[in-house]
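The structure appears right after this line, and notes come after that.
In my numbering, the protein residues as written are 308 to 686.
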């Protein structure tokens, strides 16, 4: 379908299960849109906010069609929504994000072939179909390396860090599950996210974000990232090159590793609203959700302006009680709790945005509480 303008009073369809969908729904309501939501999870916060909701499996074509025909425009709020699902609903409604980018990034081999075609630097890797392949490939990849399934979204239980030859036999059960890749572990100093908006030929950048992970989950997002000027310019250049070659409209994230020597590796593409973009709710004049809606609904993009150093820190359910002291003391802490029933187990209870005069001051405030007193682990 041709690009078109979606006006207030129209219905925005949101498909997906993450907390990002709820934030997008609230931003859409502010723009005057009605909300239709599709989720596999009947307690999804997005469903609770919707004017019209459908609970169904991602392979239920009847329900997917019903949902799509209710919406004037549909957006997926997570890269975990299958490209096949988006291709199917595109027959019945307008999906400006399309499914091409999802198809590329949901298969690690396709994604790496895309990177190779663009001649961008990525961690060395080999395709693995048997345990013997691991023994042979590690000779060129080296230790440590990471064994990952070619399909994304399975979680850390489907991955294994190979630190010594003894670890290879322990990973045999993984290889039996299907095709994998063995990827070199990059000893990076920084992990950087570039969150940007693509609207036709226009590419609109948010400030660079430095991310910290724990147990494969995003723990902190820091803006502005402490980047050397030349490295920052090169990351922007690579991000533009990648984005120009994607058939996509809306918000996306490109992840990078930066080593101590200044070498830049492309980590991934997320053709959706990534959690690292939550930090812009206070760091910039316009949010990631607002810019995404502008792009997919045919509005002109806002000019992004940096407001103040901000740190996003993720909150687990067991950390809630420890916030009581900060709740009555901190006037620069902004809270966002995800709304799910008490009997529904959620890995993250919410996130906090700490806005300050400097990144160091914001980090010191977070560290001084002792709530998150733990070292980052391998992502």
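For every residue, glycine included, the Cβ atom is placed at its ideal position computed from N, Cα and C.
Cβ contact check for the region 500-519 and the region 531-551: 3 or more pairs under 8 Å: yes
Cβ-Cβ separation, residue 331 to residue 596 (assumed contact under 8 Å), whole Å: Yes, residue 596 and residue 331 are in contact; Cβ-Cβ is about 5 Å, under 8 Å.
is_contact[residue 678, chain B] using C-beta, thresh 7 Å: Protein chains in the displayed structure number just one, and chain B is not present.
Bridge-paired residues (DSSP) for residue 343: 320 and 359
Per DSSP, the bridge partner or partners of residue 503: 512 and 559
Under 7 Å between C-beta atoms of residue 304 and residue 600: The displayed coordinates of the chain run from 308 to 686. Any statement about residue 304 would go beyond what the structure contains.
Residue 353 - partner residues in DSSP beta bridges: Residue 353 pairs with nothing; no bridge assigned.
Any 3 or more C-beta pairs closer than 8 Å across the region 567-584 and the region 428-438: Result yes; three or more Cβ-Cβ pairs closer than 8 Å.
Opposing strand residues paired with residue 591 [DSSP bridges]: Per DSSP, 613.
DSSP-derived helix/strand/coil call for residue 421: helix
Endpoints, the beta strand (DSSP E) within which residue 643 is located: 640-644
Cβ pair count under 8 Å reaching 3, the region 495-509 against the region 464-477: Under the three-pair Cβ rule at 8 Å, the region 495-509 does not count as touching the region 464-477.
DSSP beta-bridge partners of residue 659: 620 and 642
Contact belief for residue 384 with residue 321 at Cβ below 8 Å, rounded distance in angstroms: 6 Å
Cα-Cα separation, residue 628 to residue 678: Answer to the nearest angstrom: the Cα atoms are 10 Å apart.
Short Cβ contact (7 Å threshold) for residue 363 with residue 372: no
Euclidean distance between Cα positions of residue 451 and residue 564: 16 Å
Distance between beta carbons of residue 448 and residue 415, contact taken as under 8 Å: Incorrect: roughly 14 Å between the Cβ atoms, too far for contact.
Same chain only: Cβ atoms within 6 Å of residue 289, ignoring 5 sequence neighbours per side: The requested residue 289 does not occur in the structure, where the chain is confined to residues 308 to 686.
Stretch pair the region 546-559 + the region 393-407: three plus CB contacts closer than 8 Å: Segment contact: the region 546-559 against the region 393-407, three or more CB-CB distances shorter than 8 Å; contact assigned.
Coarse secondary structure for residue 364, derived from DSSP in three states: coil
Assumed close pair residue 390, residue 409 - CB separation to whole angstroms, cut-off 8 Å: 4 Å
Buried/exposed call for residue 497, threshold 16 Cβ in 10 Å: buried
CA-to-CA distance, residue 374 to residue 395, given in whole angstroms: 12 Å
Cβ-Cβ distance between residue 661 and residue 593 below 7 Å: no
Nearest candidate by alpha-carbon position, reference residue 500, set 509, 490 and 513: 513
Those runs of the beta strand (DSSP E) which lie wholly inside the region 372-406 and span at least 3 residues: 380-383
Extent of the continuous alpha helix (DSSP H) run through residue 548: 536-551
Integer Cβ distance of residue 598 from residue 511, believed to fall under 8 Å: 7 Å
Local conformation of residue 566 per DSSP, three classes: strand
Sheet register partners of residue 453 (DSSP bridge): 468 and 490
Close Cβ partners of residue 703 (< 8 Å) along its chain, the five nearest in sequence each way excluded: Outside the displayed range of the chain (308 to 686) lies residue 703, so it cannot be described from this structure.
Helix, strand or coil at residue 427 according to DSSP, with G and I counted as helix: coil
Bounding residues of the alpha helix (DSSP H) (the contiguous stretch that carries residue 631): 631-636
Beta-ladder partner(s) of residue 576, from DSSP: 561, per the DSSP bridge assignment.
Simplified DSSP state of residue 337, which is helix, strand or coil: helix
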